[in-house]
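I have placed the structure first, in the form of structure tokens, so that the comments after it can refer back to it.
Number of protein chains: 2
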Amino acid sequence: MEKLSRKQEKALALIAKRTREQGYPPTLAELTEELGAASKNTAVKYLRILSRKGYIVWERNKARGIQLTADAGGGEVGLPLIGAVAAGAPLLAEQNIERYVTVPSCLLQASAPHFLLRVAGQSMLQAGILPDDLVVVRAQPHAAVGEVVVALIDGEATVKRLAQSADRLFLKAENPEFADIHPQGEWSIQGKVVALIREAVV
Amino acid sequence: MEKLSRKQEKALALIAKRTREQGYPPTLAELTEELGAASKNTAVKYLRILSRKGYIVWERNKARGIQLTADAGGGEVGLPLIGAVAAGAPLLAEQNIERYVTVPSCLLQASAPHFLLRVAGQSMLQAGILPDDLVVVRAQPHAAVGEVVVALIDGEATVKRLAQSADRLFLKAENPEFADIHPQGEWSIQGKVVALIREAVV
DNA sequence: ACTGAGGGTGAAAGGAATTTCACCCTTTTT
DNA sequence: AAAAAGGGTGAAATTCCTTTCACCCTCAGT
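Protein sequences, first through last, are from chains A and B.
Residues in the first sequence are numbered consecutively from 151, following this note's numbering.
Residues in the second sequence are numbered consecutively from 151, following this note's numbering.
Right under this line is the structure:
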């Protein structure tokens, strides 16, 4: 992404701050004032530049029509939380979505699709992943060996580490009490765990 | 908080959805359309009710001046991330604030003050708290025995479990390789760890 | 010496968005 | 039976926001 000048960065930070604190972006007049400028056109020019460089989406002819892009930092995105997985349906089918949770975009990777999954069981204990943790998953059909992935086996979603033996992939738990999983039938990788949110620390 | 009727709930959900997806709240005209109403005054009346019941903050005479309150669900709050702790200064002093991170408000407890701290070291490994994790801390000067707390010892902030021996409190690591800490001089509890965010899962 | 890009001012015009008014209906509470 | 509260329509008035135009300066690159 194209770099920003000092003043442009300041303008972006101001927009992000207002959006965060107030719940909605500033108007041109408000931005002009916060920039310390005298003309609204100054703010317009900054928005034009930030929009061209991809830091914001600017909808013209709309009051406060400034949207921070995910890459703008300090942004946030609503991600679907996958609840009970309905047999047969794809993981991201609407029927599987329990609710939306707002997540800081700094946890995500670029603009790839992500979702959330609640961890069941203690199989990833040694990796610091506890039951009921929310894992942030980047949706992708492949992953590298050694990465923590979400796999769909017999219609059930599970979080494990991807491993390899001789010629085939298998799934490894991070807990000596759990055996490795060498899937027999159909299975698939749904994504890669990129972050984690724990709602209740005890 | 006062209950909402079915239609009021629907209106609130629409506002929350637009705010999440678009980054800013709807205008009266937009809300009117999404409600399926014909008159903008219908939307005005809903906003009046939602505002009175405390689900939104409505700034009059402002375009899109609708702010979801934290209790409205799906909300998010910008919390200060404490960086290097300057000796002597209180933990939440401005000089210690590295940046602000947006956190879903469902992680927080009511409207108490919270902050974020980056975990250093492996001393809480067995509790599923890894180095570089961000812990969400509810600022409070006391905590119950057995809770995970942030303590300030000799000007350094540390995350440990609060324990008690005979008559005095001490701090316990969740890792057999780390010894318990029986603080000698001045020390204080800065808050209680209520949630956790891991930015990079390896 | 010229050009382009960043940064800036000021004001007028047109479109967007908010308010307020009067009036309607139904359901629940007093 | 009357009052209060939720839900609703339509339109005018007013304020708020955005856009655009003309013109200014400085600095880096050609």
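By construction, the Cβ of each residue, glycine as well, lies at the ideal position given by its N, Cα and C atoms.
Taking a Cβ-Cβ cut-off of 9 Å, Gly-271 (chain A) has no neighbours in chain B, whose nearest Cβ is about 14 Å from it.
Of all alpha-carbon atoms in B:Leu-275, B:Val-343, B:Leu-218, the one lying nearest the alpha-carbon of Ile-165 (chain B) is that of B:Leu-218. DSSP places Ala-301 (chain B) in the uninterrupted beta strand (DSSP E) bounded by 298–303. Using beta-carbon distances, Arg-348 (chain B) counts as an interface residue toward chain A, with a partner under 9 Å. Nearest in C-alpha terms to Pro-281 (chain A), of all of A:Gln-290, A:Thr-308, A:Glu-297, A:Ala-301, is A:Thr-308.
Residues of chain B whose Cβ lies closer than 8 Å to the Cβ of Leu-280 (chain A) are, in chain order, Gly-278. Among the bridge pairs identified by DSSP, Leu-319 (chain A) is matched with A:Gln-314. Annotation for Glu-297 (chain A): Leu-312, Lys-342 place their beta carbon closer than 6 Å to its own, counting only its chain and skipping 5 residues before and after.
In this structure, Ile-216 (chain B) sits near Leu-197 (chain B), with a CB-CB distance shorter than 9 Å.
Within chain B, the residues whose beta carbon sits less than 7 Å from that of Val-253 (chain A) are Pro-254, listed in sequence order. Around the beta carbon of Asp-330 (chain A), a 10 Å sphere encloses fewer than 16 other beta carbons of the protein chains shown; the residue is thus reported as exposed. Between Pro-291 (chain A) and Gln-334 (chain A), the gap from beta carbon to beta carbon reaches 9 Å or more.
For Ile-331 (chain B), the three-state secondary structure derived from DSSP is strand.
Across the set A:Asn-191, A:Met-274, A:Ala-350, the C-alpha of A:Met-274 shows the shortest separation from the C-alpha of Phe-328 (chain A). Taking the Cα positions, Ile-199 (chain B) is about 55 Å away from Ala-316 (chain B). Against chain B, the beta carbon of Leu-257 (chain A) has neighbours under 8 Å at Ile-347, Glu-349, listed in chain order.
Inclusion of Ala-193 (chain B) and Ala-161 (chain B) in the CB contact set at 9 Å is warranted, their separation being smaller than that value. By the C-beta density criterion, Asp-304 (chain B) is exposed, having fewer than 16 other C-beta atoms within 10 angstroms. Val-285 (chain A) and Leu-302 (chain A) do not touch by the CB rule: their CB atoms are close to 14 Å apart, not below 8 Å. With 16 or more other Cβ atoms from the protein chains shown falling within 10 Å of its own Cβ, Arg-214 (chain B) counts as buried. If you compare the alpha carbons of B:Leu-346, B:Lys-190, B:Asn-325 with that of Glu-180 (chain B), the shortest gap goes to B:Lys-190.
With its beta carbon less than 9 Å from one in chain A, Ile-216 (chain B) belongs to the interface. Spanning the alpha carbons of Pro-230 (chain A) and Arg-249 (chain A) requires a straight line of approximately 6 Å. Per DSSP, the continuous beta strand (DSSP E) segment holding Arg-268 (chain B) begins and ends at 264–268.
Distances from the CA of Glu-336 (chain B) to each of B:Gln-158, B:Pro-254, B:Lys-310, B:Glu-306 were compared; the closest alpha carbon is that of B:Glu-306.
Assigned with DSSP and collapsed to three states, Arg-210 (chain B) falls in coil, not helix or strand.
Counting only residues of its own chain and dropping the five nearest sequence neighbours on each side, Leu-346 (chain B) has a CB closer than 6 Å to the CB of Asp-283, Val-285.
Residue pairing from DSSP places Ala-289 (chain A) in a beta bridge opposite A:Gly-341. Contact annotation, Glu-349 (chain A) with Leu-257 (chain B): C-beta distance approximately 6 Å; criterion of less than 8 Å satisfied.
In this structure, the beta-carbon distance from Ile-232 (chain B) to Arg-288 (chain B) does not fall below 9 Å.
Assigned with DSSP and collapsed to three states, Val-352 (chain A) falls in coil, not helix or strand. Taking the C-beta atoms as reference points, Pro-175 (chain B) is found no nearer than 9 Å to Tyr-205 (chain A). Within its own chain, the residues whose Cβ lies closer than 7 Å to the Cβ of His-332 (chain B), once the five positions on either side in sequence are excluded, are Phe-320, listed in chain order. Just measuring C-alpha positions, the residue of B:Lys-153, B:Ala-270, B:Arg-168 sitting nearest Ser-201 (chain B) is B:Lys-153. In this structure Ala-293 (chain B) is buried. Its beta-carbon is surrounded by 16 or more other beta-carbon atoms within 10 angstroms. The C-alpha of Val-207 (chain A) lies about 16 Å from the C-alpha of Glu-159 (chain A).
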